[in-house]
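Undergrad: One structure is given below, represented as structure tokens, and several questions about it will come after.
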Amino acid sequence: MAPGAKQPPDLYNDDTMPAPVRRRSLMRRVLSNWSVRIGGIVLLILILMAIFAPWLGTIDPQVMDPANGNLLPGTQAEFVSLAGDSFNHLYIMGSDSLGRDIWSRTLYGARVSITVGLAVAVLAVFVGILIGLLAGYFRHLDGLIMRVMDGVMAIPGILFAISLVALFGGTLTTVIVAIAIPEIPRVARLLRSVVLTVREEPYVEAAMALDTPTWKVLLRHILPNAIAPLIIQGTFVCAAAILVEAILSFLGVGLPAEMATWGNIMADGRAQFNQYPHGVLLPGIFLSLTVLAVNIFGDGLRDMLDPKFNKRGG
Amino acid sequence: MLVLLVRRIVATVPVLVIVALIVFLMLRLAPGDPAAMIVGNSGTSADIARVRAELGLNDSLPVQFTHWVGRLAQGDLGESYFMKMKVTHLIAQRIEPTVSLSLLTLLITIVVAIPLGVAAAWRHGGWLDRTLMGFSVLGFSIPSFVIGYLMIWAFALHWNWFPTQGYTRFSDDFWGWLHHLVLPAITLSIIYVALIARVTRAAVAEALTEDYIRTARAKGVSELRVLMRHALANAAIPIVTVIGIGVALLIGGVVVTETVFAIPGLGQLTVDAVLSRDFPLIQAITLFFSVIYVMINLLVDLSYLVLDPRVRY
Amino acid sequence: MQTTAAVPNVLSIENLTIALPAGADRRYAVRHISFDVAPGKVVCLVGESGSGKSVIASAVMGLLPEEVKPQAGSIKLQGTELVGASADKLRSLRGTSMAMVFQEPMTALNPVMTCGAQVDEMLARHVNMAPAQRKARILEIFRHVKLPDPDRVFSSYPHQLSGGQRQRIVIAIALILKPALLICDEPTTALDVTTQAEILKLILELQNENGTAVLFITHDFGVVAEIADEVVVLQLGDMVEKGPKLDVLTRPQEAYTKMLLKAVPELGAPQRPPLGNAVPLLDVRNLSKTYKTGSWPGKRRIVQAAKDISLSIRPGETLGIVGESGSGKSTVARCIARLIDPTSGDIISGEHSFAHLGVKHLSALRRLVQVIFQDPYRSLNPRQTVGASIIEGPINFGIPRDQAWARAEELMTLVRLSPDALRRYPSEFSGGQRQRISIARALACEPKILIADEAVSALDVSVQAQILDLLADIQQRLSIGILFITHDLRVASQICDRVIVMSQGEVVEQGEIKDVFFAPQHAYTKTLLAAAPGQGFSFAGAV
Amino acid sequence: APNNDKNVLRMVPQADLKVLDPIWTTAFVTRDHGYMIYDTLFGVDTKGDVHPQMVDTYTKSPDGMKWTFTLRDGLAWHDGQPVTTKDVIPSIKRWGQRDGLGQKMFAAIDKFEAVDDKTFTITFKQPFGMVLEALSKPASNPPFIMPERVAQTPADKQISDYTGSGPYIFKKDEFRPGEKVVYEKNTKYVPRSEAPSGTAGGKHVYVDRVEWVILKDGQTQANALINGEVDMLSWTPPEQYAALKANPNIQLLVPVPKGSYAMHLNHLIPPFNNPKISQAAIMSINQQALMRAQMVNKDLYNTCTSIYPCGSTYATDDTSYFTGKPQFEKSKALLKEAGYDGTPIVLMNPSDFTLLNKFPVVLAQLLRQGGFKVDLVSMDWPSLLARRAKKDPADKGGWNMFVTGWGASDTMNPLFFAPMTGNGEKGWFGWATDPKLEDLKGQFLATMDPAKRKELAQAIQTEVFNYGLYAPLGESTNFTAVRKGVVSGLVDSPVSVFWNIKKN
Ligand SMILES: Nc1ncnc2c1ncn2[C@@H]1O[C@H](COP(=O)(O)OP(=O)(O)OP(=O)(O)O)[C@@H](O)[C@H]1O
Ligand SMILES: Nc1ncnc2c1ncn2[C@@H]1O[C@H](COP(=O)(O)OP(=O)(O)OP(=O)(O)O)[C@@H](O)[C@H]1O
Ligand SMILES: [Mg+2]
Ligand SMILES: [Mg+2]
Ligand code: NI
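Chains as they are written, first to last, in my numbering: chain A, 81 to 394; chain B, 56 to 368; chain C, 5 to 547; chain D, 10 to 513.
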């Protein structure tokens with residue numbers, strides 16, 4: 081007999097069954113991931129900067145002093161507003177062609193970009209969930225819904241957004257809706273495929289056998305298991321939305337030009353990119369950093385939550 | 056096979072009808088009046104009313120729609136409001152630059168991204184993998200116009216290696232064609248390489264966990280063969296699928312890249328048409344892009360037949 | 005095994021210890037393993053799931069995942085040390101000196117390569133032969149492993165072959181270069197009993213022919229009895245017992261081995277309490293189900309999965325359905341529980357007919373019939389606490405939450421789990437425990453009929469024995485009817501009063517255990533019985 | 010690669026050429042295109058004097074009621090056919106249906122007939138003082154002469170045959186809207202012998218081919234010029250001015266007079282249906298701030314309070330209360346007096362139009378200083394054009410104010426200037442009802458006496474400010490940038506013209 085062989089378990093005493101493995105809480109598991117940490121911290125800093133923009137050495141992002149146009153980063157100059165007030169101001173990131181402070185505009189722009197990113201993600205995911213659940217669970221609706229989704233998907237997203245914003249005017253709502261609509265089919269498809277696989281899971285069949293009403297099956301059993309891929313998808317939608325907002329402004333069909341958004345700052349700066357690249361590059365760094373942070377965060381979440389990487393945990 | 060092809064093509068018709076309807080409604084419900092645009096700065100309200108009537112913009116929406124669809128069914132996409140030209144002619148003029156740019160981008164992407172992705176999957180978690188994934192996330196995060204401007208600044212203005220803008224027709228001058236497309240294609244391919252490399256890595260990494268890989272290794276075959284013949288061949292479907300889906304991304308990228316490099320392609324035409332409310336042109340381009348998208352994805356679907364013997368439609 | 009000492013061993017493992025990475029369920033995959041495999045002999049590694057059988061096999065092949073490393077000991081293949089050998093060295097030995105057959109024939113072959121090409125890789129890599137010669141050689145081995153129509157198989161893709169045929173391809177790959185050592189890791193577990201019997205026979209034949217040494221991994225004592233010369237028993241990475249087959253199977257020394265053997269169900273009519281002539285709880289008449297798959301523009305496919313099935317279940321009775329994979333067992337179960345809609349036929353209980361009621365009117369049936377599924381890992385919602393899963397049914401039937409919860413606590417005791425467990429998530433439980441929770445969930449609705457669809461097939465024998473015991477106990481107490489679906493004839497014979505034998509959607513034979521199993525009428529039933537491995541061995545009786 | 014072909018001139022035009030009919034649209038770029046391929050009966054030189062162009066000689070009766078014109082020799086269409094009065098008369102008639110001044114002229118015309126192939130007469134039924142100004146009108150729409158078959162196209166339809174008799178031939182097969190427009194030298198063109206000046210004089214062509222390359226982005230335009238990929242930018246983007254000026258390989262020229270910008274008000278609906286409130290808005294203007302913001306560099310603009318181009322014939326600094334400097338207190342007082350109720354005024358901002366999109370932003374701030382509530386509404390240029398045609402109340406999709414730009418050729422004569430209307434809803438956007446203005450314009454039209462005209466021009470200026478019709482925001486210098494040492498010979502002209510250019 082080999083040393084250390086164990087006693088056979090008693091068939092009728094449950095105490096010797098393998099001790100239940102304590103699952104680390106999902107939150108803690110997610111937070112232990114480096115990508116999530118780094119992405120999250122960067123994002124948090126950016127969000128805090130956006131919230132506390134008024135206290136971070138900024139001035140009103142709209143006020144201009146044409147005489148102080150195109151100052152290089154770090155210039156200290158006398159600011160004379162159109163209203164006639166004058167004060168000494170340090171242009172941390174220089175000024176744009178109208179003499180507006182790029183640092184202030186960038187910080188206030190963070191509010192817009194982050195709002196757009198979050199709103200688009202939430203909107204696309206929410207509507208996508210509704211459509212995906214309908215299509216995935218009510219098979220007779222599937223054909224029609226999916227044809228419409230295919231149609232929306234077949235129109236290149238950017239074209240759609242450009243047209244919508246150009247045609248309906250660049251308000252925050254239009255921009256959010258215009259960026260969100262092309263994302264909806266993707267979310268809906270994802271959700272539908274998750275629903276189609278999850279609904280075959282024995283526990284869903286079991287719930288049906290327990291006479292659970294359909295809406296409850298959807299909300300209690302199917303949706304929670306689709307949440308992880310949706311959150312991941314949501315982060316990528318968010319990152320893409322921030323970029324698309326900038327692209328729309330760049331193409332001249334974004335939010336109103338005087339509004340401080342990263343896209344608008346860059347669109348203004350691009351007219352003189354060769355002489356004053358700071359007008360594009362500095363806000364560009366903020367933009368890229370944000371998108372990067374969201375992407376890294378999403379990647380981390382994926383590693384943690386995606387069932388593919390995490391076979392039995394759930 | 057032929058029956059299959061026909062059936063699949065017929066199946067795309069409802070999708071295109073939906074596209075047509077969406078685009079049409081979007082245009083007609085929007086504010087902004089092409090007539091005002093055509094009349095110009097010194098025209099008057101009366102001029103605008105006259106042009107509206109001339110363009111048939113005063114008819115009811117269903118009438119306008121049936122009119123348009125009716126002509127569409129006869130293959131007539133209409134005439135641009137501004138340039139008295141058939142929109143098909145205008146689109147035809149712009150296809151070559153866009154197709155050239157897209158194909159070159161695709162070529163660069165496939166040549167670069169797939170080997171990178173395979174290498175990363177092979178050394179899953181190693182430095183190559185990390186670097187590559189870092190690059191790919193970065194590629195997703197920098198707006199393409201910033202990359203484009205930096206490229207122009209460095210390679211066209213500073214070193215003078217490439218032209219800053221424009222396009223030369225393939226038939227006029229092959230080297231000129233290539234010369235004009237290098238920078239835009241690289242700019243455009245960055246995000247695409249990021250995407251495809253990522254998918255390749257994931258698909259190959261997943262294939263590498265499959266049992267048949269273990270069987271192959273148990274046979275003692277070389278690692279390269281395991282990667283290419285076994286893992287990559289099985290990862291082909293997701294990769295091709297994403298290349299197909301990526302066409303939408305590519306079209307979006309084309310719009311921006313063409314603007315940055317002033318390439319007279321469909322992307323620019325689109326922006327122009329939207330900004331001038333040239334309804335027939337917008338409708339035609341969107342429909343055109345949708346057809347391309349649908350066809351490419353049909354092609355992708357058909358490619359499954361070749362890539363995976365299990366697939367039967 | 006003193007007699008073979010003169011012949012050098014093909015494989016000798018000594019004091020092998022393999023460490024697991026941090027965070028794994030234990031520190032060592034296996035510890036202090038020593039055994040030898042002599043030429044022409046079959047050594048069986050047995051043990052419960054997770055005992056380290058596959059890790060040993062992978063270690064020999066040099067295919068351990070990177071994070072798992074041999075820490076001590078040696079593995080010698082024909083005198084060559086494999087622990088610490090270079091990747092190139094191992095690669096050249098693989099295929100030529102040692103080869104392996106894996107468990108899952110469905111996934112072991114590359115789906116996008118023809119079978120011929122996959123065998124050809126072996127030749128192309130290791131021997132210098134012209135393509136035509138290679139092809140001839142491959143066709144020859146295909147004939148040898150008794151593949152029908154070798155030419156067609158050569159150019160077929162794996163998915164065009166049946167599971168048994170695929171496994172023959174894998175065996176052909178393993179044996180084409182006549183390796184000295186063949187490792188088989190549960191090569192027949194995924195196959196039907198009849199196919200399993202053929203494959204086992206084939207392996208033995210080839211082994212005899214070439215004098216190959218075989219390391220055979222299995223958890224099925226029937227197979228061990230059939231094939232082994234020597235047996236090595238593992239428990240959680242430790243070697244518990246080893247010795248010649250007859251010694252281990254009939255005179256086990258260790259308590260663990262005894263326990264394992266005792267848990268193996270026997271093929272025999274057990275004592276079952278007699279059933280009165282009670283009114284059936286449920287009558288199923290001429291039930292048929294046809295699946296239509298594929299939608300426009302794809303191709304339509306029609307599968308007739310169940311044809312004209314009639315059966316009835318009485319209180320306290322266990323009705324078994326046995327049959328090979330794909331014979332329609334699950335389809336029947338799902339139809340009865342109305343998880344899918346039967347195409348035709350009737351399901352009657354009392355004066356109600358349920359076969360064609362709309363989903364909204366099925367409450368009565370839901371109370372009557374509950375289901376336990378095969379896969380313990382997927383039959384509980386991972387995002388719900390166990391308690392929430394159990395009380396879901398009662399709440400749906402209008403029972404107040406408190407009352408449902410109290411009942412759930414009782415049920416937990418009934419299935420021998422602690423009531424505290426209600427607040428935990430399924431992932432915190434082992435497979436056997438989850439299956440008990442599933443039973444508790446089904447019982448919470450106070451059903452009259454329990455359908456168990458392969459409810460024990462995924463479990464180790466010891467755990468399987470516990471669950472079967474539990475079911476019998478519950479049935480006795482509550483006098484419910486059980487529809488027990490299994491492919492394992494031994495299990496069926498242990499627990500059922502009557503069985504139905506299904507083949508290709510049809511009932512071929514039905515009746516009492518003693519009639520069907522000991523005096524089968526139908527040819528299909530006879531083959532099925534003949535193929536069951538380890539006949540004549542009475543494992544539990546050995547203890 | 011640099012374009013070193015001496016016979017090919019590559020230039021970036023002011024905008025993308027879309028509409029090819031210069032009678033049908035007023036777009037500047039279409040007008041420029043018109044001057045490439047068409048000829049006019051008369052031209053104007055840089056001083057504003059009118060000289061015969063296609064016309065050889067002309068006479069008028071002493072009372073000015075009957076004019077006789079004779080075409081010069083050697084005029085031919087691009088297809089080789091001679092130009093005759095059969096072509097001229099329908100051309101002028103078609104123009105007369107579209108152009109504002111043309112309409113006025115035809116209202117005064119009694120008879121317009123051909124005498125023979127070369128001679129035609131115009132007989133007036135009432136005095137019309139601006140015959141030569143009309144026939145040489147450089148601003149949109151100039152009366153271009155087209156072949157008879159083309160001129161017979163209804164005025165509200167675009168032409169589709171682009172045969173002209175001008176110095177260049179339009180290459181229709183190479184026309185790619187949004188990409189390039191190609192012209193070839195008209196080898197059969199016979200230039201006048203006088204030196205070129207403005208749209209008058211000899212139109213010589215020294216290159217075989219002119220390619221208009223459409224580049225929309227200012228940075229791209231500058232890059233292309235610096236790299237020699239194009240030879241010339243017709244309108245230098247203000248943002249690029251400094252960089253181009255500093256570049257030793259680039260030369261900046263000013264062949265066209267300054268352009269100007271104006272703030273336009275909607276007089277149909279409140280509050281600017283009240284002249285006092287309009288005046289208050291005009292008092293809030295700060296020309297210096299506005300121009301600086303839009304033009305970026307101080308070399309590119311100057312303030313100018315006159316409604317006529319500063320330095321031109323009719324310009325004076327007698328501009329009533331308007332100083333171009335902000336008078337916020339006065340404005341507030343006026344608003345109080347007029348009883349401005351604080352409804353926000355809708356100021357439209359064409360945010361995609363880089364030559365206009367900064368004015369409204371600054372203007373909004375100025376108006377707020379002046380006591381207004383402002384609702385700055387951003388939209389793209391097409392939306393602005395559509396919206397300004399709407400007569401609805403401002404909060405129901407209408408508008409109160411926008412800014413746009415004009416060429417000197419538009420503003421140099423009150424009758425050339427489209428917004429100069431006081432005939433209510435029949436007039437230009439803003440629909441001012443100012444009978445006095447209409448009356449002054451009528452008098453201006455009727456007289457031929459320069460002194461009288463000057464007087465009337467001053468009266469019109471005063472009336473514009475008193476009514477608060479619109480207000481000038483300042484003038485901008487439009488530089489043309491060329492490759493130094495490569496391109497020479499640009500002609501100074503009221504509108505951009507591209508003959509006489511040499512390349513080496
Ligand atoms: N890559 C790995 N990382 C961590 N732990 C591992 C790894 N591979 C195997 N293990 C652990 O090693 C132990 C032995 O696993 P092994 O696969 O050899 O079991 P087995 O006896 O083959 O079981 P089964 O009958 O289920 O196939 C298990 O506890 C398993 O969790
Ligand atoms: N949803 C479905 N759609 C189409 N065909 C199906 C479906 N489910 C089962 N089938 C087919 O019906 C037949 C019977 O399947 P069923 O699952 O009832 O077999 P089974 O006896 O339970 O097999 P196993 O022992 O493998 O579980 C099989 O051929 C199967 O492929
Ligand atoms: Mg195993
Ligand atoms: Mg089954
Ligand atoms: Ni070139």
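For each residue, glycine too, the CB sits at the ideal point set by N, CA and C.
Any Cβ of chain D within less than 8 angstroms of the Cβ of Thr160 (chain B)?
TA: With 8 angstroms as the cut-off, Thr160 (chain B) does not count as an interface residue toward chain D.
Undergrad: Quick one: is the Cβ of Ser196 (chain B) within less than 7 angstroms of any heavy atom of ligand 1?
TA: Ser196 (chain B) Cβ: outside cutoff for every heavy atom of ligand 1.
Undergrad: Trp390 (chain D) to Asp361 (chain D), Cα distance in whole Å?
TA: Taking the straight line joining both Cα atoms gives about 7 angstroms.
Undergrad: Mind checking who Pro4 (chain C) pairs with in its DSSP beta bridge?
TA: The structure shown does not extend to residue 4 (chain C), since chain C spans only 5 to 547, so no value can be given for it.
Undergrad: Locate the beta strand (DSSP E) running through Gln156 (chain A), then write down its first and last residues.
TA: From DSSP, the beta strand (DSSP E) with Gln156 (chain A) extends over 155 to 160.
Undergrad: In its own chain, which residues sit with a C-beta less than 8 angstroms from the C-beta of Leu187 (chain B), not counting the 5 before and 5 after it?
TA: Excluding sequence neighbours, Leu187 (chain B) sits near Leu171, Gly172, Ala174, Ala175, Ala252, Arg256.
Undergrad: For Glu321 (chain C) and Leu279 (chain C), which I take to be in contact (beta-carbon distance under 8 angstroms), what is that distance rounded to the nearest angstrom?
TA: Their Cβ separation, rounded to whole angstroms, is 5 angstroms, which keeps Glu321 (chain C) and Leu279 (chain C) in contact under 8 angstroms.
Undergrad: Does chain D have any CB closer than 8 angstroms to the CB of Leu178 (chain A)?
TA: Cβ-Cβ to chain D under 8 angstroms: yes for Leu178 (chain A).
Undergrad: Taking 7 angstroms as the cut-off, does the CB of Ser58 (chain C) come closer than this to any heavy atom belonging to ligand 3?
TA: Because some heavy atom of ligand 3 lies under 7 angstroms away, the Cβ of Ser58 (chain C) counts as near it: yes.
Undergrad: Strictly under 8 angstroms for the Cβ-Cβ distance: is Ala341 (chain C) near chain A by that measure?
TA: Chain A contact via Cβ: present.
Undergrad: How would you call Asp54 (chain D), buried or exposed, if buried means at least 16 neighbouring beta carbons within 10 angstroms?
TA: The residue in question, Asp54 (chain D), is buried, as its Cβ has 16 or more Cβ neighbours within 10 Å.
Undergrad: In angstroms with no decimal places, state the Cα-to-Cα distance between Asp119 (chain D) and Pro31 (chain D).
TA: C-alpha separation (whole angstroms): 26 angstroms.
Undergrad: Indicate, with yes or no, if ligand 1 has a heavy atom lying under 7 angstroms from the CB of Asp29 (chain C).
TA: The answer is yes for Asp29 (chain C).
Undergrad: Should Gly51 (chain C) go down as buried or exposed, given a rule of 16 or more other Cβ atoms within 10 Å for buried?
TA: Burial call: buried.
Undergrad: For ligand 1, I want to know if Glu245 (chain C) counts as a neighbour, meaning its beta carbon is within less than 7 angstroms of at least one of the ligand's heavy atoms.
TA: No.
Undergrad: Which chain A residues are close to Ser383 (chain C), counting only those with a beta carbon under 9 angstroms from its beta carbon?
TA: Those are Glu281, Pro282, Tyr283, Glu285, Ala286, listed as they occur along chain A.
Undergrad: Is Asp266 (chain B) near ligand 3, in the sense that its beta carbon is under 7 angstroms from a heavy atom of that ligand?
TA: No, ligand 3 has no heavy atom inside 7 angstroms of this Cβ.
Undergrad: Taking Ile178 (chain D) as part of the alpha helix (DSSP H), name the residues at either end of that continuous run.
TA: No alpha helix (DSSP H) holds Ile178 (chain D); the beta strand (DSSP E) holding it covers 177 to 179.
Undergrad: Hey, is Gln498 (chain C)'s beta-carbon within less than 8 angstroms of any beta-carbon in chain A?
TA: It does not: the Cβ of Gln498 (chain C) has no partner Cβ on chain A nearer than 8 angstroms.
Undergrad: If you follow the beta strand (DSSP E) that Gly324 (chain C) is in, where does it begin and where does it stop?
TA: 322 to 327 is the span of the beta strand (DSSP E), which, as asked, contains Gly324 (chain C).
Undergrad: Would you tell me roughly how many angstroms separate the C-alpha atoms of Arg103 (chain A) and Leu111 (chain A), rounded to the nearest one?
TA: Any reading at Arg103 (chain A) needs caution, since the residue's pLDDT is 49, under 50, leaving its predicted position unreliable; the model's value is listed next. Computed Cα separation, rounded: 15 angstroms.
Undergrad: Please classify Asp196 (chain C): is it buried, with 16 or more other beta-carbons within 10 angstroms of its beta-carbon, or exposed?
TA: Result: buried.
Undergrad: How is Asp350 (chain C) classed by DSSP in three states: helix, strand or coil?
TA: Three-state result, Asp350 (chain C): strand.
Undergrad: Find the residues of chain D that neighbour Phe353 (chain A), judging by a C-beta separation of less than 7 angstroms, and give them in chain order.
TA: The answer, in chain order, is Gln228.
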